[in-house]
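See structure below.
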Amino acid sequence: MELFLQQALSGVATGGIYALMALALVMIFQAIRHLNFAQGEMAMFSTFIAWQLLAWGLPYWLAFVLAVALSFLGGALIGRLVFLPIRNAPVLSHIAVFVALLLIFNSLAGFIWDFSIKPFPSPFGTAPLFGGLIGAHQAGMLLVILVVVAFLFWFLRFTRIGLALRAAAANPESARLVGIKVDRMMALGWGMASAIGAVAGIMIAPVVFLEPNMMLSILLYGFAGAVLGGLSSPGGAVLGGFIVGVAENLAGTYVPVVGHELKLPIALFLIVAVLVVRPEGLFGRGTVERV
Amino acid sequence: MTTLLKVRGLEASYGDLTVLRRLDFDLLEGGATTLLGANGAGKTTTLRALTGMTRRSGEIVFDGTSITRMSTEQIVRLKVAHVPEGRGTLTAFSVEENLKLGAITRPSGREIAADMERVYGHFPVLKARRRQQAGTLSGGEQQMLAIGRALMLRPRLMLLDEPSFGLAPAIVAGLLEMLDRVRREDGVSLLIVEQNVELALGIADHACVLETGRIVKAGTSEAIRADADVRRAYLGY
Amino acid sequence: MSRAALFIGLGLVAVAVALPSLAGPFLVFQLTQVLVYAIAILGLNMLTGISGQFSLGHGAFFAIGAYAAAIAIDTCGLGYGWALPLAGIVCFVAGLLFGLPALRLEGIYLALATFVLAVAAPQIFKLSLLEGWTGGVQGVFIAKPEAPFGLPLSGDQWLYFLVLTVGLVLYWTARNLVRSRSGRALLAIRENPVAARAMGIDLSLYKALAFAVSALYTGVAGVLSALTVQFVAPDSFTFVLSIALLVGVVVGGVGWLPGALVGGAFIVFVPNVAEDVSKGLSGAVYGIMLILLIYLMPTGVGGLVGRIAARTSRSRT
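Residue numbers (numbering that gives the first Met the number 0), protein chains in the order written: chain A, 0 to 290; chain B, 0 to 236; chain C, 0 to 316.
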């Protein structure tokens, strides 16, 4: 029983990482109805920017805010320049462009900052809290997750601009007919997703250490978590991320013989099984279309 | 009365296919014009061309501003509402959210809430279903929602593509009466595409008849109704 | 098929047959790889282009084919001629088994499910449990096939012609499949699933079959790859391969079968070009080239060809 709890808690800790990534993915999905495979690499690149600002001597929170702001601007720019021109192309062409962005950011990061592993500081420290149950950084991460989820939920459900953004993504033509500047909403969505990605990367880097390939597997887990939670719900995405973390750890511990080596595929398989039963995700709102 | 909408030499095409050929017509402020014609005559295309949803050329002037080069959202922000063919309902959103979206370009405030109550007053069934997902509404209810959404803009000009489509006759009568009231009380000018000629001529004061992309007849409703060709082609006697 | 297309096709085949005598052994090897990937992309294109479904996981079937060949030849001592149909059957069954439940999912959710496949495949082949068969992390070496019947061809040249022949047969079969009743049923499903079902088409069966056939093609490509490279190891079949195949489909043009050749050439040669341009930034250069290509041809080479064909037919009328 103790092993179970331990593994479950450890899973919650890693799940926090996946939850943050899942949030960025939900945001981009709300903006463009696609999952941007490059979101992880963009988050990694933002984290490197933060690292560089810290290396230049800026205090932590200034570097944090600056990195997030630059990521917002950069993301909006990329959405406008790279994605907008091909918006009407078939879905697969979009995927190819996301792949291209992934390669570009990964390669650029390695070129500018090389592939060596760098430590990244945490603003919360590393002391264990509550008698070793959870580390200070993990606790801080959970707090950050809470703040971001609350913000996203409020923004998407309760503000007019959030409504406009969702409408622009769901039905661009109808959105235009109520006067929404659809292209601007899309750029906003990209910017916000990149900003959230930056926050995710900066929170994750102290745990997994900073290097250009750090986000590749986290993107996978984040993707799984977001889809599991249902892509219309930030809260669902976060829960999905936590479930993935726990499932992965438990699979590694309890599935005989192959558990440890097949942690990732087993966790993902479980998620797919859930989706086959409930195709819109755990908390997704299924849309009814009358024929 | 001033001319609200002036159209000269309007041409529109889908790819290589020219659908509208050199249309000319005017709409006076506070007036109601109906576009009549058989299927495929170009009525829907005309509305789409006016709001920038298709490739078009020529001259379109709305309230003194040339809108020929403007994007759809820019035209809408000039207070031109378009209730499209197919209604354009945002199906995944609630009825209330659809209506809120209608007013999304207006500054927020109590006026919007008041307008929403007025729309519910016109269409009580929408109030009953206000939290329901719009995609679950029947065709007729979605039509009402689309019109309500257009009204939330507080438009000066409203383009309606077959507003009676899918509605039971009793409801259609009420709808047209409501549109007429909106025109008289709120000064909203109307441009209506309708298959039901009798109905259309009842509410409009002017009419244009389209045939294969050209206006073949235009005039007041009385003149058009009295016209022998129109009677034979569209009214069956 | 129009006469122009027929002549172009035959011309290409003639060039293809003549090439090995003109090119050095490394180029022949690269061209063989282009053909191998073209077959894999052909399989994926049949799935995405015709039945409109996604797969981020076709690298897994490529791997299954390659390992089936490796096991058949190395462990069971069978000739490579047997490996081809054997791997084909295994992949077909695997595709069917995966397809039946997974194809209840749509869009993003199906993408995730196929993604799981892509990620799971290399991990499964690395398993210590299966090491006796798969050679674990180190992989399996296969002897290089020699030209049969004492033909005056080098090993590389023989492999080239083998892959070319298999490729042509598979292409011809694919074209016929697409035009058959089943092919039309799949197109109907892609265009309007609700209407298709109302017409009595059994959606899950057709979609699963389409997936299985597509897996078969990619699996056969995997076998040919194993023979060409003579080495099969888990890290050759990571999720990067699945992505590369998808890129190949997009570049060639979704739904345009001959595009598979263009796609294959892209994913074999462009990375080398990118590295020549800048060793440190080769990934970025590749990415930029890919983005430029999508801008200029959002629907791939197939889309471009379609537009040109439409324009020339219109100018003729």
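In this text, a Cβ means the ideal position worked out from N, Cα and C, and glycines have one as well.
In the DSSP assignment, H205 (chain B) forms a beta bridge with B:T32 and B:T219. Annotated three-state conformation of E1 (chain A) is helix, per DSSP. Taking 8 angstroms as the CB threshold, V181 (chain A) lines the interface with chain B. In this structure, the beta-carbon distance from V79 (chain B) to P154 (chain B) falls below 8 angstroms. The shortest CA-to-CA distance from K126 (chain B) to any of B:R224, B:L98 and B:L34 is the one to B:L98. Per DSSP, L19 (chain B) is one residue of the beta strand (DSSP E) stretching across L16 to L27. From the beta-carbon of P84 (chain A), the residues of chain C found nearer than 7 angstroms are Y294.
Along the region 105-118 of chain A, the positions whose C-beta sits under 9 angstroms from a C-beta of chain C are N105, S106, L107, G109 and F110, read in chain order.
Taking C-beta atoms as the reference points, Y216 (chain C) and M45 (chain C) count as a pair closer than 8 angstroms. One alpha carbon belongs to A207 (chain C), the other to G262 (chain C), and they sit about 25 angstroms apart. Boundaries of the beta strand (DSSP E) around R55 (chain B): R54 to F61. For the options A:F110, A:V226 and A:L176, the alpha carbon positioned closest to that of V243 (chain A) is the one of A:V226.
The C-beta of L176 (chain A) comes closer than 8 angstroms to at least one C-beta of chain B. For V304 (chain C), not one C-beta of chain A is nearer than 8 angstroms to its own C-beta.
Listed as beta-bridge partners of A17 (chain C) by DSSP are no residues whatsoever. When A:I195, A:F82, A:H136 and A:P120 are compared, the shortest CA-CA separation from R32 (chain A) is found for A:F82.
At a cut-off of 8 angstroms between beta carbons, V25 (chain A) makes no contact with chain C.
Taking Q5 (chain A) as reference, the option from A:G251, A:L218, A:A108 and A:A266 with the minimal CA-CA separation is A:G251. Straight across, the Cα-Cα distance linking G8 (chain C) with L223 (chain C) is about 23 angstroms.
Q229 (chain C) and L19 (chain A) have their C-alpha atoms roughly 43 angstroms apart. Secondary structure in the region 75-103 of chain B: the beta strand (DSSP E) runs of 3 residues or longer, each lying completely within the stretch, are 79-82 in chain order.
Here the alpha carbons of V118 (chain B) and V239 (chain C) stand approximately 55 angstroms from one another. At a cut-off of 8 angstroms between beta carbons, E172 (chain A) contacts chain B. In the three-state DSSP reduction, S281 (chain C) falls in the helix class (H, G or I).
The beta carbon of L144 (chain B) lies closer than 7 angstroms to those of T88, V94, N97, L125, A133 and L136 in the same chain, with the five residues before and after it left out. Bounds of the beta strand (DSSP E) holding A11 (chain B) are T2 to Y13. The contact set of R103 (chain C) on chain A, defined by CB atoms closer than 8 angstroms, consists of V275 and P278 in chain order.
A Cβ of chain A is located within less than 8 angstroms of the beta carbon of T104 (chain B). Excluding sequence positions up to five before and after A173 (chain C), its CB lies within less than 7 angstroms of the CB of L41, M45 and L256, all in the same chain and listed in chain order.
Taking 7 angstroms as the upper bound on Cβ-Cβ separation, chain C lies near residues V81, P84, I85, A88, P89, L91, S92 and I94 of the region 64-94 of chain A. At a Cβ-Cβ threshold of 8 angstroms, L46 (chain B) and D179 (chain B) do not count as neighbours. With a cut-off of 8 angstroms on Cβ pairs, the region 243-257 of chain C is not in contact with the region 112-130 of chain C, counting fewer than three such pairs. The way I'd put it, the region 73-85 of chain C doesn't touch the region 55-63 of chain C; fewer than three beta-carbon pairs between them come closer than 8 angstroms.
Sequence-distant partners of W157 (chain C) (beyond 5 residues in either direction) whose C-beta falls short of 6 angstroms from its own C-beta, in its chain, are A146.
Cβ-Cβ distances below 7 angstroms link T311 (chain C) to nothing in the same chain once the five nearest sequence neighbours on each side are left out. Burial is judged here by how many other beta carbons sit within 10 angstroms of a residue's own beta carbon; Q137 (chain C) has fewer than 16 and is exposed.
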